[in-house]
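Per the numbering used here, residue 2 is the first one in the sequence shown, and the count goes up by one each step.
Comments concern the structure below.
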Amino acid sequence: MSFRLEFTAAAAMQLEAAAAWWRANRDAAPDLFDEELAHAIGLLAKMPTSARVWREIEGKDVRKARLPRTRYTLFFTIDEDIVTVHAVWHGGRGSLPPLE
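Rendered as C-alpha coordinates:
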(Lines of atoms letter the chains of each structure in order from A; the text may use other names.)
(Lines give C-alpha, C1' and ligand atoms only; values in the text may rest on other atoms or scores of the structure.)
Protein backbone atom coordinates (compact mmCIF):
# COMPACT_ATOMS: atom_id res chain seq x y z
CA MET A 2 0.00 0.00 0.00
CA SER A 3 1.22 3.46 -0.84
CA PHE A 4 0.36 6.51 1.24
CA ARG A 5 -0.15 10.03 -0.06
CA LEU A 6 1.79 12.74 1.80
CA GLU A 7 0.35 16.15 2.56
CA PHE A 8 1.83 19.07 4.46
CA THR A 9 -0.25 21.53 6.46
CA ALA A 10 0.27 25.17 5.53
CA ALA A 11 2.38 25.68 8.66
CA ALA A 12 4.52 22.61 7.97
CA ALA A 13 5.05 23.69 4.35
CA MET A 14 6.28 27.09 5.52
CA GLN A 15 8.55 25.48 8.12
CA LEU A 16 9.90 23.14 5.45
CA GLU A 17 10.69 25.96 3.03
CA ALA A 18 12.36 28.02 5.77
CA ALA A 19 14.45 25.06 6.98
CA ALA A 20 15.56 24.10 3.48
CA ALA A 21 16.51 27.67 2.59
CA TRP A 22 18.39 28.16 5.86
CA TRP A 23 20.25 24.87 5.42
CA ARG A 24 21.37 25.64 1.87
CA ALA A 25 22.51 29.15 2.85
CA ASN A 26 24.36 28.15 6.03
CA ARG A 27 25.79 24.67 5.48
CA ASP A 28 28.45 25.09 2.80
CA ALA A 29 30.00 21.68 3.44
CA ALA A 30 26.72 19.83 2.83
CA PRO A 31 24.16 22.18 1.27
CA ASP A 32 22.03 19.31 -0.09
CA LEU A 33 21.94 17.22 3.09
CA PHE A 34 18.57 18.53 4.30
CA ASP A 35 16.93 17.85 0.93
CA GLU A 36 18.48 14.37 0.78
CA GLU A 37 17.34 13.42 4.28
CA LEU A 38 13.88 14.83 3.62
CA ALA A 39 13.53 12.86 0.38
CA HIS A 40 14.56 9.67 2.17
CA ALA A 41 12.07 10.29 5.00
CA ILE A 42 9.25 11.07 2.56
CA GLY A 43 9.98 7.83 0.72
CA LEU A 44 9.74 5.86 3.95
CA LEU A 45 6.56 7.62 5.06
CA ALA A 46 4.93 6.91 1.70
CA LYS A 47 5.60 3.19 2.15
CA MET A 48 5.73 2.47 5.90
CA PRO A 49 4.47 5.38 8.02
CA THR A 50 3.51 3.11 10.91
CA SER A 51 7.18 2.19 11.37
CA ALA A 52 7.69 5.61 13.00
CA ARG A 53 7.00 5.63 16.69
CA VAL A 54 3.99 7.32 18.24
CA TRP A 55 5.05 10.50 19.99
CA ARG A 56 1.75 11.63 21.53
CA GLU A 57 -1.97 11.41 21.13
CA ILE A 58 -3.62 14.74 20.34
CA GLU A 59 -7.38 15.05 19.91
CA GLY A 60 -7.73 11.31 19.50
CA LYS A 61 -5.06 10.97 16.81
CA ASP A 62 -1.64 9.39 17.17
CA VAL A 63 1.04 11.92 16.32
CA ARG A 64 4.18 10.19 15.12
CA LYS A 65 7.62 11.53 14.45
CA ALA A 66 10.24 10.74 11.88
CA ARG A 67 13.73 12.06 12.48
CA LEU A 68 16.19 13.40 9.96
CA PRO A 69 19.20 12.30 12.02
CA ARG A 70 22.10 14.21 10.50
CA THR A 71 20.28 17.54 10.22
CA ARG A 72 18.43 17.04 13.54
CA TYR A 73 15.04 17.95 12.10
CA THR A 74 11.91 15.97 12.90
CA LEU A 75 8.71 15.52 10.92
CA PHE A 76 5.60 15.34 13.12
CA PHE A 77 2.74 13.60 11.31
CA THR A 78 -0.55 11.76 11.55
CA ILE A 79 -1.99 8.93 9.47
CA ASP A 80 -5.61 8.90 8.31
CA GLU A 81 -6.43 5.90 6.12
CA ASP A 82 -4.06 6.33 3.14
CA ILE A 83 -3.02 9.94 3.86
CA VAL A 84 0.03 10.96 5.88
CA THR A 85 -0.26 14.57 7.01
CA VAL A 86 2.91 16.33 8.16
CA HIS A 87 1.96 18.92 10.78
CA ALA A 88 5.40 20.27 11.66
CA VAL A 89 9.02 20.29 10.49
CA TRP A 90 10.95 21.09 13.65
CA HIS A 91 14.62 21.33 14.59
CA GLY A 92 15.80 19.49 17.69
CA GLY A 93 17.78 22.47 18.96
CA ARG A 94 14.78 24.76 19.30
CA GLY A 95 14.15 23.78 22.91
CA SER A 96 10.38 23.89 22.47
CA LEU A 97 7.67 21.69 21.08
CA PRO A 98 6.20 22.36 17.66
CA PRO A 99 2.80 23.96 17.24
CA LEU A 100 0.57 21.35 15.68
CA GLU A 101 -2.51 22.20 13.61
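Just so you know, even glycine gets a beta-carbon here, dropped at the ideal spot from N, CA and C.
A quick note: this is a predicted structure, and the numbers were derived from the prediction, not measured.
Could you check whether the Cβ of residue i sits closer than 7 Å to any Cβ belonging to chain D?
i      : result
Arg-53 : Of the protein chains in the structure, only one exists, and it is not chain D.
Excluding five sequence neighbours on each side, which residues of the same chain lie with their C-beta closer than 6 Å to the C-beta of residue i?
i      : result
Val-54 : Asp-62, Arg-64
So who's on the other strand from residue i, going by DSSP bridges?
i      : result
Lys-65 : Phe-76
Ile-83 : Arg-5, Asp-80
Glu-57 : Asp-62
Ala-88 : Phe-76
So the candidates are the options; which of them puts its Cα closest to the Cα of residue i?
i      : options                        : result
Ala-46 : Ile-79, His-87, Ala-21, Ala-12 : Ile-79
Contact defined as beta carbons within less than 8 Å: I believe residue i pairs with residue j. What is the distance between those atoms, to the nearest angstrom?
i      : j      : result
Arg-72 : His-91 : 6 Å
Ile-83 : Glu-7  : 6 Å
Near residue i, which residues of its chain fall below 8 Å by C-beta distance, leaving aside the five closest residues on each side in sequence?
i      : result
Leu-33 : Trp-23, Arg-27, Arg-70, Thr-71
Report all residues from its chain with a CB closer than 7 Å to the CB of residue i; omit the five preceding and five following residues, and keep chain order.
i      : result
Ala-13 : none
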